[in-house]
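>
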Amino acid sequence: MKLTKTLLRFLHKKFKKDPLPFNAFTITCDGSDLAWVVADDVLTLTPTGGQASALTVDLSAYTLLQLVQYLASEPGYNLSALSSDYRDLSSLVLLDGSGAVSAGTNTLTGYTNVLYALMEANARELQTAHDAIDTLPDQMATTTAAGDFLDLLGSYYNVPRATGELDAVYGPRIIATVLRPASNNVALEMAIETYTGQSATVTDVVTSGVTGSVYNSDHDFDGSIDYNAVSTNVYGLFDVSYAYDLINGGDLTSFQTTVVSLINTLRAAGTHMRSIALTGSVLSDTLTPPTDSFHTLGVGVPFADTLTSPTESMSVMPTRLAQLSDTLTTPTDAASMTVSYNYDYSGLRSYNGVIEHLGGFAITEDLA
597 MKLTKTLLRF LHKKFKKDPL PFNAFTITCD GSDLAWVVAD DVLTLTPTGG QASALTVDLS
657 AYTLLQLVQY LASEPGYNLS ALSSDYRDLS SLVLLDGSGA VSAGTNTLTG YTNVLYALME
717 ANARELQTAH DAIDTLPDQM ATTTAAGDFL DLLGSYYNVP RATGELDAVY GPRIIATVLR
777 PASNNVALEM AIETYTGQSA TVTDVVTSGV TGSVYNSDHD FDGSIDYNAV STNVYGLFDV
837 SYAYDLINGG DLTSFQTTVV SLINTLRAAG THMRSIALTG SVLSDTLTPP TDSFHTLGVG
897 VPFADTLTSP TESMSVMPTR LAQLSDTLTT PTDAASMTVS YNYDYSGLRS YNGVIEHLGG
957 FAITEDLA
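Per our numbering, the sequence shown starts with residue 597, numbered consecutively.
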């Protein structure tokens with residue numbers, strides 16, 4: 597507000613420089629006294645005694661209605677009702693000043709003059725420029741520049757900021773990109789692997805151009821020379837194949853956009869990428885395989901038979917045998933037996949008349 601009042605003094609005297617103030621609200625506390633200060637868009641409250649605690653409030657974060665509601669919600673503070681005509685205004689309309697309950701100056705005021713609002717906006721821009729001047733030397737190097745200044749430096753080296761990229765990452769990347777090998781396929785492969793952690797292959801491609809006959813007026817069409825079609829090769833093209841982390845690679849489309857942007861930054865002038873393809877992935881397992889230690893498990897299971905042993909009553913089963921009879925014919929014995937004697941010759945004897953040989957007779961005896 598101090599700079600705003602300074603700007604107002606430079607205006608022609610025909611301008612109405614009065615703030616056209618209005619009473620915003622009156623504030624008290626349950627203590628013996630309360631001092632307040634409004635300066636540099638900050639409200640500072642310092643109570644004495646009571647339950648109220650000291651507060652420092654950023655006025656840019658509240659409307660007047662929100663500010664009154666916030667202060668009223670704090671223990672020990674009491675505020676008067678706010679007029680409905682001003683409750684939607686920003687708390688930045690509060691005029692700089694100070695006061696205290698004991699001095700009877702505990703009413704905060706704001707401005708309604710539109711000229712104040714215009715000069716306040718100009719004052720804020722001038723203050724921002726003033727603060728920037730002090731930091732300009734730091735904004736001339738990528739190691740210390742920030743925000744728009746760092747974006748400007750990046751544009752000088754044709755290294756734009758990636759979406760959501762922080763200054764701490766973007767600044768070093770500008771220098772790293774400038775110093776990194778570029779232009780050839782090996783440099784592109786190294787850059788893709790370094791930036792994404794995935795392997796890549798960049799292959800130079802030569803294609804045939806438009807095919808047609810070329811006539812140079814050196815020969816006549818008399819059949820002495822055969823005319824063949826001629827084509828001119830097209831150089832400066834390359835194909836890119838790269839891998840992708842299936843687990844932690846993020847969005848596939850965004851990943852490919854990053855790779856294409858990196859290629860366009862490092863490729864040589866006059867060369868163009870003909871195609872790009874996803875070929876494979878580099879996966880790594882960082883988990884330690886689980887191991888089980890050996891433990892002996894002893895199990896003792898007592899068994900008990902709680903059933904009552906079964907008993908059987910003694911039963912008598914009468915058995916009646918049927919009458920048995922023998923139907924076989926009674927055997928009969930013969931009255932006599934005949935015994936026949938035979939001699940076997942073993943070759944031990946000779947037929948020389950020394951021994952008489954008898955045989956072939958039978959003896960019959962009665963068996964009675």
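The beta-carbon is built from N, C-alpha and C at its ideal position, and this holds for glycine as well.
#1: Given a threshold of 16 other Cβ atoms within 10 Å of its Cβ, counted over all protein chains shown, does residue 871 qualify as buried or as exposed?
#2: Is the CB-CB distance between residue 655 and residue 633 below 8 Å?
#3: Checking 8 Å against the spacing of the C-beta atoms, do residue 755 and residue 776 come in under that value?
#4: Measure from the alpha carbon of residue 753 to the alpha carbon of each residue in 647, 729, 708, 766, then state which is nearest.
#5: Which residues bound the beta strand (DSSP E) around residue 673?
#6: Please report the Cβ distance between residue 789 and residue 783, rounded to the nearest whole angstrom; I am assuming they are in contact, meaning their Cβ atoms lie under 8 Å.
#7: Do the segment 677–684 and the segment 644–654 meet, that is, are 3 or more Cβ pairs less than 8 Å apart?
#8: Leaving out the 5 sequence neighbours to the left and right, which residues in its chain are closer than 6 Å to residue 866 when beta-carbon positions are compared?
#9: Is the segment 612–632 touching the segment 689–704 in the sense that three or more CB pairs, one from each, lie closer than 8 Å?
#10: Looking only at C-alpha atoms, which of 750, 683, 934, 763 sits nearest to residue 773?
#11: Give the secondary structure of residue 821 by DSSP, where H, G and I count as helix, E and B as strand, and everything else as coil.
#12: Based on Cα-Cα distance, which residue from 709, 711, 710, 694 lies nearest to residue 703?
#13: Alpha carbon to alpha carbon, what distance is there between residue 673 and residue 706?
#14: Would you mind stating whether residue 623 and residue 675 have Cβ atoms separated by less than 8 Å?
#15: Residues in the same chain with beta-carbon distance under 8 Å from residue 757, minus the five sequence neighbours each way, listed in chain order, please.
#16: Thinking C-alpha only, which one of 625, 635, 658, 734 is nearest residue 644?
#17: With which residues is residue 715 paired in a DSSP beta bridge?
#18: Leaving aside the five residues before and after residue 621 along the sequence, list all residues of the same chain whose C-beta is less than 7 Å from its C-beta, in chain order.
#19: Looking at the structure shown, is residue 736 part of a helix, part of a strand, or coil, going by DSSP?
#20: Under the three-state reduction of DSSP, which class applies to residue 771: helix, strand or coil?
#21: According to DSSP, what are the bridge partners of residue 654?
#22: 8 Å is my cut-off, CB to CB: does residue 815 come that close to chain C?
#23: What's the call for residue 605, buried or exposed, on a 16-neighbour Cβ count within 10 Å?
#24: Do residue 725 and residue 600 have their beta-carbon atoms positioned less than 8 Å apart in this structure?
#25: Whose C-alpha, out of 762, 875, 819, is nearest the C-alpha of residue 842?
#26: Roughly how many angstroms separate the alpha carbons of residue 635 and residue 711, rounded to a whole number?
#27: Just the Cα atoms here: how many angstroms apart are residue 734 and residue 667?
#28: Confirm, please, whether the CB-CB distance from residue 690 to residue 659 is below 8 Å.
#29: Taking the beta strand (DSSP E) that residue 618 belongs to, which residues open and close that run?
#30: Return the first residue and the last residue of the beta strand (DSSP E) that residue 694 is part of.
#31: Per DSSP, residue 643 forms a beta bridge with which residues?
#32: Output the boundary residues of the alpha helix (DSSP H) element that contains residue 999.
#33: Leaving out the 5 sequence neighbours to the left and right, which residues in its chain are closer than 6 Å to residue 671 when beta-carbon positions are compared?
#34: Count the other CB atoms, across all protein chains shown, that sit within 10 Å of the CB of residue 715; report buried if there are 16 or more and exposed otherwise.
On the basis of the supplied data:
#1: On the sequence shown, residue 871 is found 275 positions in, with the first residue counted as 1. Per the 10 Å Cβ criterion, exposed.
#2: Mapped onto the sequence shown, residue 655 falls at position 59. Mapped onto the sequence shown, residue 633 falls at position 37. Against a cut-off of 8 Å, the Cβ pair of residue 633 and residue 655 comes out as no contact.
#3: As a working note, residue 755 is residue 159 in the sequence shown. As a working note, residue 776 is residue 180 in the sequence shown. Result no, Cβ atoms of residue 755 and residue 776 do not sit closer than 8 Å.
#4: In the sequence shown, residue 753 corresponds to position 157, counting from 1. Checked all of 647, 729, 708, 766; the closest Cα to residue 753 is 766.
#5: Against the sequence shown, residue 673 aligns to sequence position 77. That run of the beta strand (DSSP E) goes 673–675.
#6: For the purposes of this step, residue 789 is taken as residue 193 along the sequence shown, with counting starting at 1. For the purposes of this step, residue 783 is taken as residue 187 along the sequence shown, with counting starting at 1. With 8 Å as the limit, residue 789 and residue 783 do not qualify as a contact, their Cβ atoms being about 11 Å apart.
#7: no
#8: Along the sequence shown, read from residue 1 onward, the residue named residue 866 stands at position 270. Counting only Cβ-Cβ distances below 6 Å, and skipping sequence neighbours, we find 832.
#9: yes
#10: Working through the sequence shown from its first residue, we reach residue 773 at position 177. Among 750, 683, 934, 763, the Cα nearest to that of residue 773 belongs to 750.
#11: In the sequence shown, the residue the question calls residue 821 occupies position 225. Coil.
#12: On the sequence shown, position 107 is the one that residue 703 refers to. Ranking the options by Cα distance to residue 703, first place goes to 694.
#13: Working through the sequence shown from its first residue, we reach residue 706 at position 110. Working through the sequence shown from its first residue, we reach residue 673 at position 77. Straight-line Cα distance between these residues: approximately 20 Å.
#14: The residue labelled residue 623 in the question sits at position 27 within the sequence shown. The residue labelled residue 675 in the question sits at position 79 within the sequence shown. Yes.
#15: Taking the first residue of the sequence shown as position 1, residue 757 is located at position 161. These residues qualify, in order along the chain: 746, 747, 750, 766.
#16: On the sequence shown, residue 644 is found 48 positions in, with the first residue counted as 1. The candidate whose alpha carbon is nearest that of residue 644 is 625.
#17: Position 119 of the sequence shown, counting from 1, holds the residue named residue 715. DSSP, once it has assigned bridges, lists no residue as partnering residue 715.
#18: Along the sequence shown, one-based indexing puts residue 621 at 25. Once the five neighbours on either side are set aside, the close Cβ partners of residue 621 are 664, 675, 676, 678, 704.
#19: Taking the sequence shown and counting its residues from 1, one reaches residue 736 at position 140. In this structure, residue 736 counts as helix in the three-state DSSP scheme.
#20: Here residue 771 refers to the residue found at position 175 when the sequence shown is read from its first residue. In this structure, residue 771 counts as helix in the three-state DSSP scheme.
#21: On the sequence shown, position 58 is the one that residue 654 refers to. DSSP, once it has assigned bridges, lists 638 as partnering residue 654.
#22: Given the protein chain composition of this structure (a single chain), no chain C is represented.
#23: As a first step, residue 605 must be located in the sequence shown, where it is residue number 9. Flag for residue 605 reads exposed.
#24: In the sequence shown, residue 600 corresponds to position 4, counting from 1. In the sequence shown, residue 725 corresponds to position 129, counting from 1. Not closer than 8 Å, so no.
#25: Walking along the sequence shown from the start, residue 842 turns up at place 246. Closest by alpha carbon: 875.
#26: Locating residue 635 in the sequence shown gives position 39, counting from the first residue. Locating residue 711 in the sequence shown gives position 115, counting from the first residue. Approximately 19 Å, taken between the alpha carbons.
#27: Translated into positions along the sequence shown, residue 734 becomes position 138. Translated into positions along the sequence shown, residue 667 becomes position 71. Near 40 Å, if we compare the C-alpha coordinates of residue 667 and residue 734.
#28: The residue labelled residue 659 in the question sits at position 63 within the sequence shown. The residue labelled residue 690 in the question sits at position 94 within the sequence shown. No, Cβ-Cβ distance for residue 659 and residue 690 is not below 8 Å.
#29: Start at 1 with the first residue of the sequence shown, and residue 618 comes out as number 22. Residue 618 -> beta strand (DSSP E) spans 618–625.
#30: On the sequence shown, residue 694 is found 98 positions in, with the first residue counted as 1. Residues 693–696.
#31: Translated into the one-based positions of the sequence shown, residue 643 becomes position 47. Paired residue(s): 630.
#32: The question about residue 999 has no answer here: the residues shown for the chain are numbered 597 through 964.
#33: For the purposes of this step, residue 671 is taken as residue 75 along the sequence shown, with counting starting at 1. Answer for residue 671: 647, listed in chain order.
#34: Sequence index remark: in the sequence shown, residue 715 carries index 119 (1-based). It is buried - the Cβ of residue 715 has at least 16 other Cβ atoms within 10 Å.
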